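Its first residue numbered 348, the sequence shown is counted upward by one per residue in our numbering.
From the three backbone atoms N, C-alpha and C, an ideal C-beta is built for every residue, glycine too.
Because the structure is a prediction, the values reported are computed rather than measured.
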Amino acid sequence: MSTSQMVSTLAPTPQMAARHRTQIRIWLYGICLLILAMVVVGGATRLTESGLSITEWKPIHGMIPPLSEAEWLEEFDKYRQIPQYQLINKGMSLEEFQFIFWWEWAHRQLGRFIGVAFALPLVFFWATGRIEGWLKPWLVLGLALGGLQGAVGWWMVASGLVERTDVSQYRLAVHLTLACIIFAYIFWLARRLAPHTEATPQEGDRLSRFGQVVIGLVLVQIFLGGLVAGLNAGLTFNTWPLMDGQIIPAGLLAMDPAWRNFFENVMTVQFQHRLGAYVLVLAVVALVVMTLRTNAHKGLRGTALLLGLAVLLQAAIGIVTLLLHVKLDVALTHQAMAVIVLGLSVEYLVRLKGEAPFRS
348 MSTSQMVSTL
358 APTPQMAARH
368 RTQIRIWLYG
378 ICLLILAMVV
388 VGGATRLTES
398 GLSITEWKPI
408 HGMIPPLSEA
418 EWLEEFDKYR
428 QIPQYQLINK
438 GMSLEEFQFI
448 FWWEWAHRQL
458 GRFIGVAFAL
468 PLVFFWATGR
478 IEGWLKPWLV
488 LGLALGGLQG
498 AVGWWMVASG
508 LVERTDVSQY
518 RLAVHLTLAC
528 IIFAYIFWLA
538 RRLAPHTEAT
548 PQEGDRLSRF
558 GQVVIGLVLV
568 QIFLGGLVAG
578 LNAGLTFNTW
588 PLMDGQIIPA
598 GLLAMDPAWR
608 NFFENVMTVQ
618 FQHRLGAYVL
628 VLAVVALVVM
638 TLRTNAHKGL
648 RGTALLLGLA
658 VLLQAAIGIV
668 TLLLHVKLDV
678 ALTHQAMAVI
688 VLGLSVEYLV
698 RLKGEAPFRS
């Protein structure tokens, strides 16, 4: 038998290739759901001020929580050495410490679980020849991004253990944004493996460029939201549409040098997050109108409308979050909805791009 005949014999049939794609797609959908859960749990960890309760990074040993009173007291004693305890939580009880410890422990365990849930199926699908050649480096990159996110997470936590009473808002915003970038990346790969038969509209290139702008705006808004969370800026100026009684409040550039205001001035950080929301809403509405005015297929029109509804709902949830002084359940809904808006933005581009062609 010739080499070409052997390759032909070993190559999967179209039915097998489609079935393999379905299996990989379902796996990647599961990873996306886990990342969404991770973002929500991370938000809860931040809002409950739990992120600094575990003061060491132990990738393996850290999986086991304290199992005795002596071990709990040992963990508590480590926490009592950092500024957050000494300046904010001094005198807290062991039970109060356990509450914040479990939030951070759950956050780290979920991160570890996502790593295993990605790595082990990747090895299985690869070893059994179910991954198309072109897809392999993209999945390896996804695994590398997950490892980077773990390192960024510890880099963030480390910023609050020595001189600060909380983590750096810069690092928190990077950590959150990277998580959302990974979500968008994995969701893009999963959706490109799904069958799409619709024709690309005549103005597809223009819609694609504008859709990419929308995704960029969503990620910028997520980053700005991370700054708001890092500075607890949502707990101030809890009125809307006015802020401190004005459309444009005084004091936006009170810090020197001026650039610091956009990252460290509580008023400016909240104000720019508000402005970012207005810009994003207008951009998405424009994209919806542009889409409906073309010969776009039903799937693309439906995705555009869903994206429009989602971004309006997200803006409303953001306003309620502010007015209720960042009530935990509402704030977490706001954070989860940001990921959903991002996913719909990616879905819009996928509907334009279509299914990835089968390649070995």
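Three-state class that DSSP yields for residue i in the structure shown
| i | result |
| --- | --- |
| GLN593 | strand |
| GLY489 | helix |
| THR392 | helix |
| GLN428 | coil |
| PHE705 | coil |
| GLY598 | coil |
| PRO406 | coil |
| ASN642 | coil |
| HIS620 | helix |
| GLU510 | coil |
| PRO413 | coil |
| GLY398 | coil |
| PRO361 | helix |
| SER355 | Summary for SER355: the model assigns pLDDT 41, below 50, so the residue's position carries little reliability; its value from the coordinates is reported in the next sentence. In the structure shown, SER355 sits in a helix (DSSP, three-state: H, G or I). |
| THR350 | Low local confidence applies: a pLDDT of 43 at THR350 is under 50, so the model's placement there is unreliable, and no value is given. |
| LEU671 | coil |
| ALA546 | coil |
| GLY737 | It is not possible to answer for residue 737, since the shown part of the chain is limited to 348 through 707. |
| THR583 | coil |
| MET385 | helix |
Cβ distance (whole Å) where residue i is taken to contact residue j below 8 Å
| i | j | result |
| --- | --- | --- |
| TRP419 | PRO413 | 4 Å |
| ALA678 | GLY390 | 7 Å |
| LEU571 | HIS620 | 4 Å |
Where the alpha helix (DSSP H) through residue i begins and ends
| i | result |
| --- | --- |
| LEU554 | 551-578 |
| ASN608 | 608-611 |
| LEU691 | 675-700 |
| HIS522 | 516-539 |
Outcome for residue i when other beta-carbon atoms lying within 10 angstroms are tallied against a minimum of 16
| i | result |
| --- | --- |
| VAL509 | exposed |
| SER440 | exposed |
| GLY507 | buried |
| GLN568 | buried |
| THR586 | exposed |
| TRP544 | The sequence as given places Thr at residue 544; Trp does not occur at that position. Counting Cβ neighbours within 10 Å, THR544 comes out exposed, since fewer than 16 surround it. |
| SER349 | Unreliable placement is indicated for SER349, whose pLDDT of 48 sits below 50; no coordinate value is reported for it. |
| ALA417 | exposed |
| ARG393 | buried |
| SER400 | buried |
| GLN606 | According to the sequence as given, residue 606 is Trp; it is not Gln. TRP606 should be labelled exposed. |
Note down, one range per segment and in chain order, each alpha helix (DSSP H) of at least 4 residues found wholly within the stretch 441-507. 441-474, 483-505
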